[in-house]
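Asks: Questions regarding the structure given below will be posed in turn.
Below you can see the structure in the form of structure tokens.
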């Protein structure tokens with residue numbers, strides 16, 4: 123296996139507590155599409171009641187250009203912009219152009235996205251890579267067609283998923299050899315609803331077509347959605363309570379501390395321009411403003427509007 127078995131994030135960084143208070147976000151999420159072509163069991167996209175409370179739309183290039191103009195008001199480039207949010211980003215036909223606009227504007231050190239890989243074509247892969255995407259995460263939800271049908275409620279060809287990812291890897295390697303720009307590919311699958319044999323098969327299939335690969339665990343990160351109920355997994359009470367904090371970084375936290383760190387270094391911009399404090403607020407329950415009526419730097423600087431709602435008991439995943 124060529125790939126490293128690890129999480130996609132860098133471990134070479136200072137503890138967040140040493141950096142606070144931040145004068146600008148470290149990470150920003152910009153959602154190109156809150157619409158998804160999958161309806162996965164663990165996700166709010168499969169919950170009709172949850173979808174009724176969401177803004178389901180695709181971001182326009184005009185909205186992204188306004189975001190870019192406002193991002194330039196921060197002193198330094200954002201360390202990482204994740205060009206994805208609550209749906210499948212490749213549903214947005216302007217996705218390669220969005221990557222190119224962000225890269226050309228120099229508002230971020232790195233641009234990343236996450237995809238289920240089902241919509242990739244050779245031409246689309248070429249366009250995304252040539253636009254300058256720095257990192258892409260592919261999520262795998264099964265190892266055969268029937269598993270995708272059961273889990274994601276869509277008729278999907280698993281062999282086509284594999285073919286799409288293989289081509290993306292091969293072209294990004296060729297492009298890196300020619301230009302020096304390498305798009306890091308990370309592939310993940312959830313070990314909690316697959317057998318050990320399936321997990322090994324996952325590594326065998328994809329291990330030579332990515333830079334890093336990992337087996338994630340179940341995490342309850344969506345308000346009102348209990349993953350253990352939808353997947354019939356026996357998730358311990360402690361894991362349910364801590365999953366929002368530990369799912370990204372795998373750190374074991376003392377029970378003394380029960381505050382998610384995301385609110386201190388993230389912002390998320392929904393596809394309609396609404397601004398939320400972190401990447402888990404799929405319903406936009408904590409609206410800090412909208413980029414058409416507010417300024418991102420002002421939103422970030424206005425601690426009175428961002429902090430109190432997040433430490434109230436109404437948002438148990440935040441505090």
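Residue numbers (the working numbering): 123 to 441. Positions of the beta carbon are idealized from the N, C-alpha and C atoms, including for glycine.
In chain order, what residues of the same chain have a beta carbon less than 7 Å from the beta carbon of residue 123, not counting five sequence neighbours either side?
Replies: As a position in the chain shown, residue 123 is number 1, starting the count at 1. So the qualifying residues of the chain are 325, 329 and 330.
Asks: Report the three-state DSSP secondary structure of residue 232 (helix, strand or coil).
Replies: To locate residue 232, count along the chain shown from 1; it is residue 110. Strand.
Asks: May I have the straight-line CA-CA distance separating residue 421 from residue 150, to the nearest angstrom?
Replies: As a working note, residue 421 is residue 299 in the chain shown. As a working note, residue 150 is residue 28 in the chain shown. Their backbone Cα atoms lie some 13 Å apart in a straight line.
Asks: Here's the rule I'm using: 16 or more other beta-carbon atoms within 10 Å means buried, otherwise exposed. How should residue 423 be labelled?
Replies: Start at 1 with the first residue of the chain shown, and residue 423 comes out as number 301. Classification of residue 423: exposed, given that the 10 Å Cβ count is below 16.
Asks: Whole angstroms are fine: how far does the CA of residue 340 sit from the CA of residue 135?
Replies: As a working note, residue 135 is residue 13 in the chain shown. As a working note, residue 340 is residue 218 in the chain shown. Going by the C-alpha atoms only, they are around 25 Å apart.
Asks: For a test of the three-state rule: what should DSSP assign to residue 184, helix, strand or coil?
Replies: By one-based count along the chain shown, residue 184 stands at place 62. The answer is helix: DSSP assigns residue 184 an H, G or I state.
Asks: Over what stretch of residues does the beta strand (DSSP E) that includes residue 150 continue unbroken?
Replies: In the chain shown, residue 150 corresponds to position 28, counting from 1. First-last of the beta strand (DSSP E) with residue 150: 149-152.
Asks: Would you mind sorting residue 131 into buried or exposed? The rule is 16 or more other CB atoms within 10 Å of its CB.
Replies: Translated into positions along the chain shown, residue 131 becomes position 9. Residue 131 comes out exposed.
Asks: Would residue 127 be called buried (16 or more neighbouring beta carbons within 10 Å of its own) or exposed?
Replies: For the purposes of this step, residue 127 is identified with residue 5 of the chain shown, where counting begins at 1. Per the 10 Å Cβ criterion, exposed.
Asks: Could you pull out every residue in the same chain whose Cβ sits closer than 7 Å to the Cβ of residue 211, ignoring the five residues on either side in sequence?
Replies: As a first step, residue 211 is located in the chain shown; it is residue number 89 there, counting from the start. Within the same chain, residue 211 has close Cβ partners 154, 155, 205, 217, 235 and 237.
Asks: Express the C-alpha separation of residue 301 and residue 266 in angstroms, rounding to a whole number.
Replies: Here residue 266 refers to the residue found at position 144 when the chain shown is read from its first residue. Here residue 301 refers to the residue found at position 179 when the chain shown is read from its first residue. The alpha-carbon atoms of residue 266 and residue 301 are separated by roughly 36 Å.
Asks: Go ahead and label residue 138 buried or exposed: buried means 16 or more other beta carbons lie within 10 angstroms of its beta carbon, across all protein chains shown.
Replies: Position 16 of the chain shown holds residue 138. Its Cβ having fewer than 16 others within 10 Å, residue 138 is exposed.
Asks: Excluding five sequence neighbours on each side, which residues of the same chain lie with their C-beta closer than 7 Å to the C-beta of residue 253?
Replies: Residue numbering aside, residue 253 sits at position 131 when the chain shown is read from its first letter. 218, 221, 222 and 225.
Asks: CB residue 190 to CB residue 239, shorter than 7 Å?
Replies: Numbered from 1 along the chain shown, position 68 holds the residue referred to as residue 190. Numbered from 1 along the chain shown, position 117 holds the residue referred to as residue 239. Going by C-beta atoms, residue 190 is not nearer than 7 Å to residue 239.
Asks: Out of 230, 285 and 294, state which residue places its alpha-carbon closest to the alpha-carbon of residue 251.
Replies: Counting from one through the chain shown, the residue named residue 251 turns up at place 129. The option with the nearest alpha carbon to residue 251 is 294.
Asks: If you scan the region 207-292 from start to end, which runs of the beta strand (DSSP E) of 3 or more residues do you find wholly inside it?
Replies: The region 207-292 contains these whole beta strand (DSSP E) runs: 230-237 and 257-262.
Asks: Check this for me: beta carbons of residue 203 and residue 233, under 7 Å apart or not?
Replies: Looking up residue 203 in the chain shown gives position 81. Looking up residue 233 in the chain shown gives position 111. Yes, these two residues count as a Cβ contact at 7 Å.
Asks: Tell me whether residue 138 sits in a helix, a strand or coil according to DSSP, three-state version.
Replies: By one-based count along the chain shown, residue 138 stands at place 16. Here residue 138 sits in helix by DSSP.
Asks: Of the residues 403, 402 and 397, which one's Cα is nearest the Cα of residue 414?
Replies: As a first step, residue 414 must be located in the chain shown, where it is residue number 292. Comparing Cα positions, the closest option is 397.
Asks: Apart from the five residues on each side of it in sequence, which residues of its chain come closer than 8 Å, Cβ to Cβ, to residue 200?
Replies: Locating residue 200 in the chain shown gives position 78, counting from the first residue. These residues qualify, in order along the chain: 146, 147, 148, 149, 150, 193, 229, 230 and 231.
Asks: Do you know whose CA, among 323, 388 and 392, lies nearest residue 144's CA?
Replies: On the chain shown, residue 144 is found 22 positions in, with the first residue counted as 1. Among 323, 388 and 392, the Cα nearest to that of residue 144 is on 388.
Asks: With H, G and I counted as helix, E and B as strand and the rest as coil, what does DSSP make of residue 417?
Replies: Against the chain shown, residue 417 aligns to sequence position 295. DSSP places residue 417 in coil when its eight states are reduced to three.
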